[in-house]
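Presented below is the structure to which this report refers.
Protein chains: 2
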Amino acid sequence: MPSTPTATPARRPGGRTARIRAQVLAAVRAQLVEHGYDELTVDAVAARAGVHRTTVYRRWRDVGGLLADVLDEAGDDGWRPPDTGSLEGDLAALNQEVFDALTADPPITAALIAASFRSEEAARALRRFWEDRYTRCEPVVARAVQRGEIPPGTDPRALLIAATAPLYHRLVLLRTPPDPDLPVQAARSTARAATAGAFSPEESPSAR
Amino acid sequence: MPSTPTATPARRPGGRTARIRAQVLAAVRAQLVEHGYDELTVDAVAARAGVHRTTVYRRWRDVGGLLADVLDEAGDDGWRPPDTGSLEGDLAALNQEVFDALTADPPITAALIAASFRSEEAARALRRFWEDRYTRCEPVVARAVQRGEIPPGTDPRALLIAATAPLYHRLVLLRTPPDPDLPVQAARSTARAATAGAFSPEESPSAR
Chain P
1 MPSTPTATPA RRPGGRTARI RAQVLAAVRA QLVEHGYDEL TVDAVAARAG
51 VHRTTVYRRW RDVGGLLADV LDEAGDDGWR PPDTGSLEGD LAALNQEVFD
101 ALTADPPITA ALIAASFRSE EAARALRRFW EDRYTRCEPV VARAVQRGEI
151 PPGTDPRALL IAATAPLYHR LVLLRTPPDP DLPVQAARST ARAATAGAFS
201 PEESPSAR
Chain R
1 MPSTPTATPA RRPGGRTARI RAQVLAAVRA QLVEHGYDEL TVDAVAARAG
51 VHRTTVYRRW RDVGGLLADV LDEAGDDGWR PPDTGSLEGD LAALNQEVFD
101 ALTADPPITA ALIAASFRSE EAARALRRFW EDRYTRCEPV VARAVQRGEI
151 PPGTDPRALL IAATAPLYHR LVLLRTPPDP DLPVQAARST ARAATAGAFS
201 PEESPSAR
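Listed in order, the protein sequences are those of chains P and R.
With the first letter of the first sequence counted as 1, position 22 gets the number 22 in UniProt numbering; the numbers rise by one all the way through.
With the first letter of the second sequence counted as 1, position 39 gets the number 39 in UniProt numbering; the numbers rise by one all the way through.
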């Protein structure tokens, strides 16, 4: 979820094929941010990347394929969640990454989210990206359980979505002006909720 | 937030003007759901509504004006949040309305959200709609404070967004398969969090 499609991927060895991919995907991002989805065409991307259009058609087929590869590349970055020593600190750091991505300039994350409403292939790739990010964040919850901060049996996905969803909801759908306190506020209320057992099965006298 | 643009507005007296508005807005909803934003044009709407195109241009100007009026009409419905006698019950009922709207068939709410990424005017109207819905929901929180369920000073907007945001995030952005338990789960964890003071200022020994 730390949506970091903004991040420039580490330069990998790989010669010409890797170099062309990097050029083309950079062109997709730039074209999308500057001109929007409506002017995102294979031809425009090829021209912008300085690559022959048949190369782009052959390898990516269409705009959906290009957007999916931008998202797949963004996810292929070895990202790990921060480890600050407390649940609230970890969630605040995660939320700061989400906040920065959603308010970045150029707004590549926002543009990719908007594009996911136009292209089914982009929507699937975005789903994969987020699913992978949330999975990578699960150690944040496991560490908090180990430290005794939150009850065993806490549902990691429910907790992580509760922490991050208010940012997406406010910034992407409600489109409220970005409040810089939001990452910490959402982290704090989610950590307090988790401590109180809000994401673990309700205790009942007859349990077990 | 109970996003009920699905609801058919109460038939108001008002004669020809009101009748034409109802016909045109019904045509906008049907055209959007059946053919998507790309085929939503003033001419298509006029034809579908059986209304002269100049009437539509004069009154609504363009697609943005039509979408904004669909949302304004949806908000103009006297909706009040449910009063079930408990915070968890109220939030569960609210969340069920959100869930039903986001998973409805025809998917008019989902289509309007998607359209808000295409039309700035639709985005503004959706923001107004939600802002108004969240404001109308504030009595849910005030009643819970009065009953002594949650601390005075609980931030109503933060609580209401925490309750509903996971539904929007999962169903609109993460696009996970709709889990019918989601409304109750998000309501329960938010109510438990609020009871534990997660949405009220942190007590500190020096406070006051």
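Just so it is clear, CB atoms sit at the ideal spot from N, CA and C, and this is done for glycine as well.
> For the ligand ZN, is there a heavy atom less than 6 Å away from the beta-carbon of D155 of chain R?
Replying inline: This structure lacks the ligand ZN; in fact it carries no ligand of any kind.
> Three-state secondary structure (DSSP) at F99 of chain P?
Replying inline: Of the three classes helix, strand and coil, the one that applies to F99 of chain P here is helix, per DSSP.
> Among the residues of its own chain, which have a CB less than 6 Å from the CB of R53 of chain P, if the five just before and after it don't count?
Replying inline: Closer than 6 Å at Cβ, skipping near neighbours: D43 and A46.
>> I want to know whether the region 108 to 116 of chain P touches the region 132 to 140 of chain P - three or more CB-CB distances under 8 Å.
In response: The region 108 to 116 of chain P vs the region 132 to 140 of chain P: no contact.
> DSSP on A198 of chain P, reduced to helix/strand/coil?
Replying inline: DSSP places A198 of chain P in coil when its eight states are reduced to three.
>> With a threshold of 7 Å between beta carbons, is R157 of chain R in contact with chain P?
In response: Not closer than 7 Å to any Cβ of chain P, the Cβ of R157 of chain R fails to qualify, so no.
>> Please state the DSSP three-state secondary structure of S189 of chain P.
In response: Three-state result, S189 of chain P: helix.
>> So for R16 of chain R, helix, strand or coil by DSSP?
In response: Residue state, collapsed to three classes: helix.
>> Is it buried or exposed, H35 of chain P, if we count other Cβ atoms within 10 angstroms and call 16 or more buried?
In response: Classification for H35 of chain P: exposed.
>> Would A122 of chain R pass as an interface residue toward chain P - the criterion being a Cβ-Cβ separation below 7 Å?
In response: Among the CB atoms of chain P, none fall inside 7 Å of the CB of A122 of chain R.
> Can you find a C-beta in chain P that's less than 7 Å from the C-beta of F199 of chain R?
Replying inline: Chain P places a beta carbon closer than 7 Å to that of F199 of chain R, counting this residue as a contact.
> Between the region 180 to 197 of chain R and chain P, which residues of the former have a C-beta closer than 9 Å to a C-beta of the latter?
Replying inline: Within the region 180 to 197 of chain R, Q185, A186, R188, S189, T190, A191, R192, A193, A194, T195, A196 and G197 place their CB atoms closer than 9 Å to a CB of chain P, listed in sequence order.
> Does the beta-carbon distance from L167 of chain R to F199 of chain R come in below 7 Å?
Replying inline: Between L167 of chain R and F199 of chain R, the CB-CB gap reaches or exceeds 7 Å.
>> By the 8 Å beta-carbon criterion, what residues does the region 71 to 92 of chain P contribute toward chain R?
In response: Taking 8 Å as the Cβ-Cβ cut-off against chain R, none of the residues of the region 71 to 92 of chain P qualify.
> Does DSSP put G85 of chain P in a helix, in a strand, or in coil?
Replying inline: Note: G85 of chain P maps to coil in three-state DSSP.
>> Any beta carbon from chain R within less than 7 Å of H169 of chain P's own beta carbon?
In response: So yes, H169 of chain P belongs to the interface.
>> So, for A10 of chain P: in the same chain, excluding its five sequence neighbours on each side, which residues have a beta-carbon less than 6 Å away from its beta-carbon?
In response: Its pLDDT being 49, under 50, A10 of chain P is placed unreliably in this model, and the value from its coordinates should be taken loosely. Residues of the same chain with their beta carbon placed closer than 6 Å to that of A10 of chain P are lacking, with the five preceding and five following residues left out of the count.
> Exposed or buried, which one is P183 of chain P when buried takes at least 16 other CB atoms within 10 Å?
Replying inline: Buried is the call here.
> Does DSSP classify V51 of chain P as helix, strand or coil?
Replying inline: In the structure shown, V51 of chain P sits in coil (DSSP, three-state: anything other than H, G, I, E or B).
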